[in-house]
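Report on the structure given below.
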Amino acid sequence: MAANNNPPSTLEKEQIFGMAEKEMEYRVELFNKLTHTCFNKCVEKRYKESELNMGENSCIDRCVSKYWHPSSGCYKWYQSISTESVGLEQCHL
1 MAANNNPPST LEKEQIFGMA EKEMEYRVEL FNKLTHTCFN KCVEKRYKES ELNMGENSCI
61 DRCVSKYWHP SSGCYKWYQS ISTESVGLEQ CHL
């Protein structure tokens, strides 16, 4: 958005919408990969209990932390690059 407080142009609106759409796609893909990876790694194939046991729960916590931390850092970097290239410093998606 321009610094003169004019409303965003149609092109800027399309760029903002496109960035929001890409962000949503990224987050859904990340969630799906995280869920699949951590479930396969931490949960026994033969269910013995209806709830996660303490070991499975701890494993999932660690797996999610390891998976999420680097991904969120990469995402913040990508978002800062995208914001600068589109010129939308005032836009917080």
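Counting with UniProt numbering, you get residues 1 to 93 for the letters of the sequence shown.
Think of the CB as a built atom: it goes at the ideal place given N, C-alpha and C, for glycine as much as any other residue.
Asked: Delimiting residues of the alpha helix (DSSP H) encompassing Y26; Found: 10 to 42
Asked: Sub-9 Å separation of F31 and I60 beta-carbons; Found: no
Asked: For E56, three-class secondary structure by DSSP; Found: helix
Asked: C-alpha gap between T37 and N6, whole angstroms; Found: 46 Å
Asked: Own chain residues within Cβ distance below 6 Å of E56, not counting five before or after; Found: C42, V43
Asked: S65 in three-state terms, based on DSSP; Found: helix
Asked: Reference V64; option with closest CA among A20, K48, K33, N53; Found: K33
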